[in-house]
Every structure is written in structure tokens, then in C-alpha cells.
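Numbering (this note's numbering) for the sequence shown: -7 to 478.
Structure first, commentary second.
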Amino acid sequence: MPVTEDNSQILAALARIKQVLGPQGWINDPDAAAPFLADERGMFEGACALVVRPSSTAQVAKIVGICAQAGIPVVPQGGNTGLVGAGIPNPADGAVLVSLGRMNRILDIDPLGYTITLEAGCILANIQAAAAKVDRMFPLSLGAEGTCQIGGNLSTNAGGVNVLRYGNARELVLGLEVVLPDGRVWDGLKRLRKDNTGYDLKQLYIGGEGTLGIITAAVCKLYPRPRDVQTAMVALAGLDAALALLARARDASGDRVTGFELICRTPFAAAITHIPGVRDPLAQQYDAYVLFELTGASADSGMKDTLESILAEALESGEIHDAVIAQSDAQRADFWRLREAVVEAQKFEGPSVKHDVSVAVSRVPAFIRRANAAMEKIVPGARPFAFGHFGDGNIHYNIAGPRGMADAKFLAMRAPVTAAIYDIIVDMGGSFSAEHGVGQLKLDEMARYKNPLELDMMRRVKAALDPANIMNPGKMLKTSQERTKP
């Protein structure tokens, strides 16, 4: 880049950032930067002026402060496992990408107080392991937990398989540390269960997708580690039967249902067909299944007897056709491997149009029926891959093309397919993004479906906290703001 009057200030700012970080803290070699600039689905490819890898909150604050003075956009990034392009910089922005991976220290574990304090770059699986070492559990669990980072999990309000029992990411947080768009640091790392002193500011940043600031550390809740885990793969008599089974299970167990994962036949069969080592635990084929798990705090909590009783009553009432209870940790792992393999198996069935949606739990069966009927009208022979977190109303409703249809012809139908699904979801009082967020992918849907008053309130918050619009611009929310030079 030749130095001109327009960019000399930016080049000077980048040089200052490099000086702050030292040679280990930044990347501008194109090959080394490439993994930070593309999302895992291959839908977004970005570019930036510099990739920085700070090792402390103080360094993040200095970087953001320099960028704010020079009018340089800042894009925070965790493990880069997101599915909506929230952490990928727009090529035209000339942003600084802030990767938090070097900030990976667990700062404190308080097993008696049931809290863990950690930096934003901690990998989720490592947090789970650290909790287990002190005989506690951190319940956030999702497919990318081996590489995703807690800062990204919180910035996207991640969900996963344990939401029914423990809630989304925002319900697991007591306090945050955040670098604001002007470089100031908000120290909200409190361990308090109660603090009724005004607005709950941390909730602005949980699910904010880095548009209001950068989460650099958090205090999260821990829970007792379950000693009695009972898992079953259940063949449902129908989608409506899942509602009856879930209600029966919550009532009979004292609301100790940890997992209740729906898998319809098409994704179930794809996992068995395409993923080595995955097999059907049931003797016959069925239209829909639930992976169902109860947990108890003590080894003698009686969850096995409770599960057997629930399934026996459900079988007698006609809610289920069959069920297999895991008899070992290995068999339980096999059941969960089948559930995880559903995601991996989709790619072997050709390209798909994916939707991460939610409705009230009681409306999940009706949504799937309405969506299936709409898809048959729009793309006759389309193959719905419906699966996900039935217990909290979050269904991953993905569509593969009819067998024999050219990939390009099917993908050309993406817009009407997605519009039909989202129209149904909104008509049923649901959400077009249940746990993956908005990012770049769903900006148009945000503008189309979100309540105008809600959009106005969100824009006002954005304008108040980030008036220059430097913090992850072009993500989550379309604004009329232009970045202003200092």
C-alpha cells in the first residue's frame, strides 16, 4: 500500500499496534492469516489490514484505543467456528482482526462457590475438563467444543445440547470483563448471584456478536457433576408423541431431563450410512427418534428405575414403539456419536439449505409438518433433514435436494426455500435464528422479520456505545451509521 495523505494515519496506527504486541502478537503474512479469514462452511471469505493475537486485556484495550483514534474497524474472533460469518471481516473495511486465542488462562476456580473465572480464549472442552478436576461441571456443550472459545460462545449466546436443563450461555454467566469501542475496560467480573443495582450490562454483550465491545474474561457458573446418567434411544410413535414423552419425563424425574434430542428418519439414516462406526441401536426402522437423557446428582438417585418406568408407561400408552437404554458408558457414547454424526453426514447427501430455527416447544411438531408440506410444493422430492434440541424448541431444519436434481439447480432455489421456512417460523411466533446468531448471513432476515421498534432500540444502543461504528461493522444489525474519522 503506497503511503498517501489518506492512509498514512492508518499505517502509523498499524505500526503502533505492532509495537504494542511485539513480533509474536500479529500476523500479516497472507498464508498465515488465511485461516482467520474464512468461515468453516466456506460461505464467507474476508480480508483485513492485520490479524492481531493479544495476550492480555491491557493489550486488547491498547489495540482498540489505537483503532478508535484512527477510525479503523475492529473484528473480534474466537475459535472461528461460527456459522453466520460474524467473525469474518468484510474485505472492504480494512479492519484489524482481533483473535483471542492466546488469552486462554483459567484465572480462578471456586468449587465451593460454584464459579470459574477465565479468559475469553479458553477452549470450551478445556473449561469442561478443568471443572471436572474439581468435581464440578460446566454444562455448555456443543459439537465444536474442542475448538470453540468461551468468548465466542458468550458473544453468540451459544446453546447446545444441555439448554433444557441449564439454559443458554447467557444463563451461565455471572460477570464479564469487556473492552469498549473506545478502548476503555469495563471490569464487571463479579461472582454475585444477586446484584439489583440498575441495568444488567453484561447481557448487552452476551449475544451481541462483538458489535458493542470485546469480551476478554468472564465469571461463569459451575454445577454439581452428575453421578447417575441414564440414556436411551427411543423410537417415537409420531412427532406429537415427543411432546407427551417430554412432559411425562419432566414430571416423573423431578425435571431432571438433561437431553431430549429429536432425530427424524432421513438424518438418522444418513448418519448410519455415511459415518464409519455409527450403527442403528434398534432392530427396526422408524420415522422419528429421541435421544433422551436423565441425570442425578448421586450414584443412587434412582434415575435408571425412573427412566425404565417412564419408557414402560410411554410404551403402554402408545407414545413410543421401542427403546434401548444404554448399558455402559461406551454405549451411551455411541448414542451421542449418532446424534453428532447427523451433522457430519449431511454433506454426503449433497448440498443443503440450512435453517437454525425455534418455536415454542409445543409447536415443534406442527412446524415440522408445515415446513415439510411447504418444501414439497416448492421443490417436489426435497429431503428435509430435521433434527435438534426438541426440549428447548430449537430445530435444525435443513433441506437436501431431490435425488437426481443437479446441485446448481437445487441451490438456485435457496431464496424461496428459506423465505418459506422463515415465514412459517415467524407466523408461529418463533425465531429465524435460534442459536447460531445473525452475523452477516441473516442481516436481511433481521431487517425483514425483526420488530421495527426492537430494531430501533438496538440501533440506539449501538449508536450510544459505538458512535463511530468501528466495532464489528456490518454484523447482526444494519445501521445508517458511517464510520467517522477522528
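We put the CB at the ideal spot given by N, CA and C, even for glycine.
Fair warning: this is a prediction, and the values are worked out from it, not measured in the lab.
Report task. For H266, name the three-state secondary structure that DSSP assigns. Result -> As a first step, residue 266 is located in the sequence shown; it is residue number 274 there, counting from the start. In the three-state reduction of the DSSP assignment, H266 falls in the helix class, which pools H, G and I.
Query - Coarse secondary structure for R329, derived from DSSP in three states - result: Working through the sequence shown from its first residue, we reach residue 329 at position 337. Reduced to three states, the DSSP call for R329 is helix.
Report task. Taking Q16 as part of the beta strand (DSSP E), name the residues at either end of that continuous run. Result -> If you number the sequence shown from 1, residue 16 lands on position 24. Unbroken run through Q16: none, as it is neither H nor E.
Query raised in the report: Cβ-heavy atom distance between I2 and the ligand SAH below 7 Å?
Result: Of the ligands one can find in the structure shown there are none, so the ligand SAH has no counterpart to examine.
**Report entry** Candidates M468, S293 and Q51, of which the one nearest V171 by Cα
**Finding:** Here residue 171 corresponds to residue number 179 of the sequence shown, with the count starting at 1. Out of M468, S293 and Q51, Q51 has the C-alpha closest to the C-alpha of V171.
Query raised in the report: Between I207 and the rest of its own chain, which residues show a CB-CB distance below 7 Å, the 5 nearest in sequence each way excluded?
Result: Within the sequence shown, numbered from 1, the residue matching residue 207 stands at position 215. Result list for I207: A112, G143, L146, S147, L168, V170 and Y197, in chain order.
Query - Extent of the continuous beta strand (DSSP E) run through D100 - result: Indexing the sequence shown from 1 puts residue 100 at position 108. Counting along the chain, the beta strand (DSSP E) containing D100 begins and ends at I98 to D102.
**Report entry** Own chain, CB closer than 8 Å to M129, minus 5 neighbours either side, in chain order
**Finding:** Start at 1 with the first residue of the sequence shown, and residue 129 comes out as number 137. Same-chain partners within the cutoff: Q120, A123, L214, Y215, P216, R217 and P218.
Report task. Taking E137 as part of the beta strand (DSSP E), name the residues at either end of that continuous run. Result -> As a working mapping, residue 137 is identified with position 145 in the sequence shown. For E137, there is no enclosing beta strand (DSSP E), since its DSSP letter is neither H nor E.
Query raised in the report: What residue range is occupied by the uninterrupted alpha helix (DSSP H) comprising T410?
Result: Your numbering for residue 410 matches position 418 in the sequence shown. Where T410 is concerned, the enclosing alpha helix (DSSP H) starts and stops at R406 to D419.
Query raised in the report: Which runs of the alpha helix (DSSP H), 4 residues or longer, sit entirely within the region 120 to 178?
Result: 142 to 147 and 155 to 158
Query raised in the report: Thinking C-beta only, is F377 closer than 8 Å to Q338?
Result: Here residue 338 refers to the residue found at position 346 when the sequence shown is read from its first residue. Here residue 377 refers to the residue found at position 385 when the sequence shown is read from its first residue. Yes, the pair counts as a contact, with Cβ atoms nearer than the cut-off.
Requested in this report: Could you say which of R33, E37 and G14 lies nearest to P22 if we only look at CA atoms?
Outcome: Here residue 22 is taken as the residue at index 30 of the sequence shown, counted from 1. The shortest C-alpha separation from P22 is found at E37.
Report task. Write down the C-beta distance between V211 and T109 rounded to the nearest angstrom, noting that I regard them as a contact closer than 8 Å. Result -> Locating residue 211 in the sequence shown gives position 219, counting from the first residue. Locating residue 109 in the sequence shown gives position 117, counting from the first residue. Correct: roughly 5 Å between the Cβ atoms.
Report task. Quick one: using the 10 Å Cβ neighbour count with 16 as the cut-off for buried, is K470 buried or exposed? Result -> Your numbering for residue 470 matches position 478 in the sequence shown. Under this definition K470 is an exposed residue.
Query - T189, DSSP secondary structure in three states - result: The count along the sequence shown starts at 1 and reaches residue 189 at position 197. The answer is coil: DSSP assigns T189 none of H, G, I, E or B.
Requested in this report: With a threshold of 16 other CB atoms inside 10 Å of the CB of T223, please say whether the residue is buried or exposed.
Outcome: Stepping through the sequence shown from its first residue, residue 223 is reached at position 231. Buried, by the Cβ-count rule.
Requested in this report: Determine the DSSP secondary structure at D314, reduced to helix, strand or coil.
Outcome: Numbered from its first residue, the sequence shown carries residue 314 at position 322. DSSP places D314 in strand when its eight states are reduced to three.
Query raised in the report: To the nearest angstrom, how far is it from the Cα of P131 to the Cα of G396?
Result: Residue 131 sits at position 139 when you count from the first residue of the sequence shown. Residue 396 sits at position 404 when you count from the first residue of the sequence shown. Straight-line measurement puts the Cα of G396 at about 42 Å from the Cα of P131.
Report task. Could you say which of A460, H347, Q61 and V351 lies nearest to A407 if we only look at CA atoms? Result -> Stepping through the sequence shown from its first residue, residue 407 is reached at position 415. When only C-alpha atoms are compared, the closest one is H347.
Query raised in the report: Near R157, which residues of its chain fall below 6 Å by C-beta distance, leaving aside the five closest residues on each side in sequence?
Result: Taking the sequence shown and counting its residues from 1, the one referred to as residue 157 is at position 165. Cβ within range, chain order: T250.
Query raised in the report: What do you reckon, are the CB atoms on G17 and V44 nearer than 8 Å?
Result: Residue 17 sits at position 25 when you count from the first residue of the sequence shown. Residue 44 sits at position 52 when you count from the first residue of the sequence shown. Result yes, Cβ atoms of G17 and V44 sit closer than 8 Å.
Report task. Look at I255 and Y278 and say whether their C-beta atoms are less than 8 Å apart. Result -> Translated into positions along the sequence shown, residue 255 becomes position 263. Translated into positions along the sequence shown, residue 278 becomes position 286. For I255 and Y278, no; Cβs fall outside 8 Å.
Query raised in the report: Rounded to the nearest angstrom, how far is the Cβ of A263 from that of P357, given a contact under 8 Å?
Result: In the sequence shown, residue 263 corresponds to position 271, counting from 1. In the sequence shown, residue 357 corresponds to position 365, counting from 1. That belief does not hold up - the Cβ atoms of A263 and P357 are roughly 22 Å apart, past 8 Å.
Query raised in the report: Can you name, in chain order, every residue of its own chain whose Cβ lies under 7 Å from the Cβ of S344, other than the five neighbours on each side?
Result: Start at 1 with the first residue of the sequence shown, and residue 344 comes out as number 352. Excluding positions up to five away in sequence, the list reads Q338, F377, N390, I391 and A392.
**Report entry** Rounded separation between V226 and G310 - CA only
**Finding:** The sequence position of residue 226 within the sequence shown is 234, counting from 1. The sequence position of residue 310 within the sequence shown is 318, counting from 1. Straight-line Cα distance between these residues: approximately 12 Å.
Query - Buried or exposed (CB count within 10 angstroms, at least 16 for buried), A456 - result: If you number the sequence shown from 1, residue 456 lands on position 464. Per the 10 Å Cβ criterion, exposed.
**Report entry** Burial state of M449, where buried means 16 or more other Cβ atoms lie within 10 Å
**Finding:** Position 457 of the sequence shown, counting from 1, holds the residue named residue 449. Taking every protein chain shown into account, the CB of M449 has fewer than 16 other CB atoms within 10 angstroms, so this residue is exposed.
Report task. Give the C-beta separation of G385 and A352 to the nearest angstrom, bearing in mind that I take them to be a contact with Cβ-Cβ under 8 Å. Result -> Counting from 1 along the sequence shown, the entry for residue 385 is found at position 393. Counting from 1 along the sequence shown, the entry for residue 352 is found at position 360. Correct: roughly 6 Å between the Cβ atoms.
Query raised in the report: For N82, which of helix, strand or coil comes out of DSSP?
Result: Numbered from 1 along the sequence shown, position 90 holds the residue referred to as residue 82. DSSP, reduced to helix, strand and coil, places N82 outside both helices and strands of the structure shown, so it counts as coil.
**Report entry** Cα-Cα separation, D326 to S48
**Finding:** If you number the sequence shown from 1, residue 326 lands on position 334. If you number the sequence shown from 1, residue 48 lands on position 56. Cα-Cα distance, rounded: 40 Å.
Requested in this report: For L238, count neighbouring Cβ atoms within 10 angstroms of its own Cβ and tell me buried if that reaches 16, exposed if not.
Outcome: Taking the sequence shown and counting its residues from 1, the one referred to as residue 238 is at position 246. Result: buried.
Query raised in the report: By the 10 Å Cβ neighbour count, where 16 or more other Cβ atoms means buried, how is Y191 classified, buried or exposed?
Result: If you number the sequence shown from 1, residue 191 lands on position 199. Label assigned to Y191: exposed.
Report task. For L42, I'd like the list of residues in its chain whose CB is within less than 8 Å of its CB, leaving aside the five on either flank, ordered along the chain. Result -> What you label residue 42 is simply residue 50 of the sequence shown in a count that begins at 1. Only L6, I9, K10, W18, I19, N20, V88 and L89 meet the Cβ criterion.
Requested in this report: Could you check if E308 is buried or exposed, using at least 16 other CB atoms within 10 Å of its CB as the buried criterion?
Outcome: As a working mapping, residue 308 is identified with position 316 in the sequence shown. By the neighbour-count rule (16 or more Cβ atoms within 10 Å), E308 is not buried but exposed.
**Report entry** Three CB pairs or more closer than 8 Å across the region 423 to 443 and the region 71 to 88
**Finding:** yes
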